[in-house]
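S.K.: Okay, so the sequence shown: first residue is 7 according to the working numbering, each after it adds one.
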Amino acid sequence: MRDDNKKYITITGASSGIGYETAKAFAKRGKNLIIVARRKNNLEKLKEEILKENSKLDIIIKAIDLSITKNIYKLYEELKTYEIEAWINNAGFGNYDSVANQDLTKIENMLHLNVEALAILSSLYTHDYKDVQNTQLINISSAGGYTIVPNAVTYCATKFFVSTFTEGLSRELKECHAKLQAKVLAPAATKTEFGKVANNTTEYDYDKTFGTYHTSKQMADLLLKLYDSNESVGFVDRENFEFKLSSPLFPYAGNSIHNQKISDK
7 MRDDNKKYIT ITGASSGIGY ETAKAFAKRG KNLIIVARRK NNLEKLKEEI
57 LKENSKLDII IKAIDLSITK NIYKLYEELK TYEIEAWINN AGFGNYDSVA
107 NQDLTKIENM LHLNVEALAI LSSLYTHDYK DVQNTQLINI SSAGGYTIVP
157 NAVTYCATKF FVSTFTEGLS RELKECHAKL QAKVLAPAAT KTEFGKVANN
207 TTEYDYDKTF GTYHTSKQMA DLLLKLYDSN ESVGFVDREN FEFKLSSPLF
257 PYAGNSIHNQ KISDK
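Written out as structure tokens, the structure reads:
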């Protein structure tokens, strides 16, 4: 029977890469976890690794494909009975190709996962936790969510959505004095399965392709720096690979006289 006093951190896309290492990093802090991804075998391996280090933790596995809309709501509904102190939307993938030649079936799935799933899960979590003390929503964007990268236009557009959506949400929550914090993490090149999936290949050599990159573990450590901070943005500079914590970066209209007037009801 589940202990109602337990709190959990939910991580989507936890079967590999940054999500996998982030789960291990939070486990080292003694956090109970809800790990979400399509590949159940990988999640079971992750759970086994974590429990070898700390058998007292509660690790919940949710094997589900979040590129399918009904599964997004299904997952959240199944987690309603858990107290979730942080929700990390890490699930996503990339695509390298010209807009004229991109595989539209792949693009559909990328839009569903990178944009739709993240927006819906963020909205549901914000609705339930905006007034709960010490809660955080962290959405994983990309350096490509602040800079358009050649041959990755559609992928960058999905990550611009993640960045602007999360920065806007962060401002919205602060303006209404909510207790929930919304934050965005923007990695640059990181050695994960991303390269293989984005390039539709079974082999991908980061050493040959990039002069500099982070490991998944390094990015998980940087995510924890963002988690521990009071800033809204944690981003890696694509030129020097320095990690910086920042307030929101996009222009914000705020109380501009040109904004839509909101009538009192």
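In this text, a Cβ means the ideal position worked out from N, Cα and C, and glycines have one as well.
As an exercise, report each continuous alpha helix (DSSP H) stretch of at least 4 residues that is fully enclosed by the segment 108-134, in chain order.
M.R.: Entirely contained in the segment 108-134, the alpha helix (DSSP H) runs reaching 4 residues are, in chain order, 110-117.
S.K.: For the alpha helix (DSSP H) that I56 lies in, which residues bound it at each end?
M.R.: Looking up residue 56 in the sequence shown gives position 50. Unbroken alpha helix (DSSP H) run through I56: 46-59.
S.K.: Measure the beta-carbon distance from A195 to F216 and round it to whole angstroms, keeping in mind my assumption that it falls under 8 angstroms.
M.R.: The residue given as residue 195 occupies position 189 in the sequence shown. The residue given as residue 216 occupies position 210 in the sequence shown. Going by Cβ atoms, the distance from A195 to F216 rounds to 5 angstroms, so yes, they are a contact pair.
S.K.: Where does F256 land, buried or exposed, given buried means 16+ other C-beta within 10 angstroms?
M.R.: Looking up residue 256 in the sequence shown gives position 250. Classification for F256: exposed.
S.K.: Is the CB-CB distance between A97 and G19 below 9 angstroms?
M.R.: Taking the sequence shown and counting its residues from 1, the one referred to as residue 97 is at position 91. Taking the sequence shown and counting its residues from 1, the one referred to as residue 19 is at position 13. Contact: yes.
S.K.: Can you tell me the Cα-Cα spacing of R45 and V168, whole angstroms?
M.R.: Sequence index remark: in the sequence shown, residue 45 carries index 39 (1-based). Sequence index remark: in the sequence shown, residue 168 carries index 162 (1-based). When rounded, the distance between both Cα atoms is 24 angstroms.
S.K.: Where does I263 land, buried or exposed, given buried means 16+ other C-beta within 10 angstroms?
M.R.: As a working mapping, residue 263 is identified with position 257 in the sequence shown. By the 10 Å Cβ count, I263 comes out exposed.
S.K.: Kindly indicate which three-state DSSP category Q142 falls into: helix, strand or coil?
M.R.: If you number the sequence shown from 1, residue 142 lands on position 136. Reduced to three states, the DSSP call for Q142 is strand.
S.K.: Is the segment 59-78 touching the segment 161-177 in the sense that three or more CB pairs, one from each, lie closer than 8 angstroms?
M.R.: These segments do not touch.
S.K.: Whose C-beta lies closer than 6 angstroms to the C-beta of E27 among residues of the same chain, with five residues either side of it excluded?
M.R.: Translated into the one-based positions of the sequence shown, residue 27 becomes position 21. Cβ within range, chain order: S222, K223, A226.
S.K.: Taking M116 as the reference, which of E209, K58, V203, G23 has the closest Cα?
M.R.: Here residue 116 refers to the residue found at position 110 when the sequence shown is read from its first residue. With distances taken between Cα atoms, M116 lies closest to V203.
S.K.: Do you know offhand how far R8's Cα is from L81's?
M.R.: Mapped onto the sequence shown, residue 8 falls at position 2. Mapped onto the sequence shown, residue 81 falls at position 75. Only weak support exists for where R8 lies, its pLDDT of 45 falling under 50; the value from the coordinates is given anyway. Distance between the alpha carbons of R8 and L81 is about 18 angstroms.
S.K.: I think Q139 touches K185, with their Cβ atoms under 8 angstroms apart; what is that distance to the nearest whole Å?
M.R.: The count along the sequence shown starts at 1 and reaches residue 139 at position 133. The count along the sequence shown starts at 1 and reaches residue 185 at position 179. Contact flag correct, Cβ pair sits at about 5 angstroms.
S.K.: Going by beta carbon distance, what residues of the same chain come within less than 8 angstroms of T198, once the five residues before and after it are set aside?
M.R.: Within the sequence shown, numbered from 1, the residue matching residue 198 stands at position 192. Contacts found: S22, G23, I24, S222.
S.K.: Can you tell me whether DSSP reads G240 as helix, strand or coil?
M.R.: Numbered from its first residue, the sequence shown carries residue 240 at position 234. G240 falls in the strand class under three-state DSSP.
S.K.: Should A106 go down as buried or exposed, given a rule of 16 or more other Cβ atoms within 10 Å for buried?
M.R.: Stepping through the sequence shown from its first residue, residue 106 is reached at position 100. That one is exposed.
S.K.: Between the beta-carbon of I78 and the beta-carbon of I40, is there less than 9 angstroms?
M.R.: Counting from 1 along the sequence shown, the entry for residue 78 is found at position 72. Counting from 1 along the sequence shown, the entry for residue 40 is found at position 34. In this structure, I40 does not lie closer than 9 angstroms to I78 by Cβ.
S.K.: Can you tell me where the beta strand (DSSP E) with F249 in it begins and where it stops?
M.R.: Residue 249 sits at position 243 when you count from the first residue of the sequence shown. It spans 249-252 - the beta strand (DSSP E) in which F249 sits, taken as one unbroken run.
S.K.: Count the other C-beta atoms from every protein chain shown that fall within 10 angstroms of the C-beta of L110, then say buried if there are 16 or more, exposed otherwise.
M.R.: Working through the sequence shown from its first residue, we reach residue 110 at position 104. Burial call: exposed.
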